[in-house]
Every structure is written in C-alpha cells, then in structure tokens.
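S.K.: Supplied in structure tokens, the structure appears directly below.
Residue numbers (our numbering): 23 to 142.
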C-alpha cells in the first residue's frame, strides 16, 4: 500500500510541477509508466506552486477503494534540468489532515521550489 501511495505522489509531483513552474511542457509527454497495481488518482487542493516555500495539499483516490486516509505518504521533489539525471531536492513526509466532521481530509506537506523550471 505504501508503494502505491509513494508512486502516486511522485506522479503528482511530476505532473503538477511540470505545469506550474513557467516552462512549456510537451502535450504528448508520457509521464506515467506501466505498473502491476491500479493507478490511484491525485486531487490537488492548492493552486500556488510558484518559486518559494508552499504548502502542498492533495487527496489520494484509489479505484475500487475510494480515498486513502491516515496512511504513510513520502514525497520527493526533483529539479529536472537533465531528463536522464534529475536532481533530488527534498524528501518530505505528508500528514493526513482530517476536516471537521471527520471521515474526510487531505494530505499536506511543505515544499520549497528554489527556481523556475521543470520539477518532478
């Protein structure tokens, strides 16, 4: 289960940071790889991913199960100047933040983007 969440968070990071840091992205770029487990969906709950330190908030939804809550989530951010050799910038832990009323919420973490460009 932790591997699934890690893969989904990494895919979320690649997709969102590619779109948000001011660099044009090819529309036909293949961002996902084939895997043996169902692909979870990520629902981003923030819109500001500019240069600086920002709170990332997102939900994880697994097909056939629903939203994933209270699981260990690890995020890694990479600056991708060279596609074949991305540079690891941060390793983060995301914590589940339950909304008032219980049973729903989002994962949050603080990430720093020190320059514009392609991130993953």
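We treat Cβ as the ideally placed atom computed from N, Cα and C, and that holds for glycine.
(1) DSSP three-state label for residue 67, please.
(2) Would you decide whether residue 121 is buried or exposed? Buried here means 16 or more other CB atoms lie within 10 Å of its CB.
(3) Alpha carbon to alpha carbon, how far is residue 125 from residue 100? Give it in angstroms, no decimals.
(4) Measure the alpha-carbon distance for residue 135 versus residue 87 and round it to whole angstroms.
(5) Applying the 10 Å Cβ sphere with the 16-neighbour rule, what's the burial state of residue 110?
(6) Please report the distance separating the alpha-carbon of residue 118 from that of residue 103.
M.R.: Let's see:
(1) Position 45 of the chain shown, counted from the first residue, corresponds to residue 67. Residue state, collapsed to three classes: coil.
(2) The residue you call residue 121 lines up with position 99 of the chain shown. Under this definition residue 121 is an exposed residue.
(3) As a first step, residue 100 must be located in the chain shown, where it is residue number 78. As a first step, residue 125 must be located in the chain shown, where it is residue number 103. The straight-line gap from Cα to Cα measures roughly 32 Å.
(4) Translated into positions along the chain shown, residue 135 becomes position 113. Translated into positions along the chain shown, residue 87 becomes position 65. Near 33 Å, if we compare the C-alpha coordinates of residue 87 and residue 135.
(5) Here the question's residue 110 lines up with position 88 in the chain shown. So residue 110 counts as exposed.
(6) In the chain shown, the residue the question calls residue 118 occupies position 96. In the chain shown, the residue the question calls residue 103 occupies position 81. Straight-line Cα distance between these residues: approximately 31 Å.
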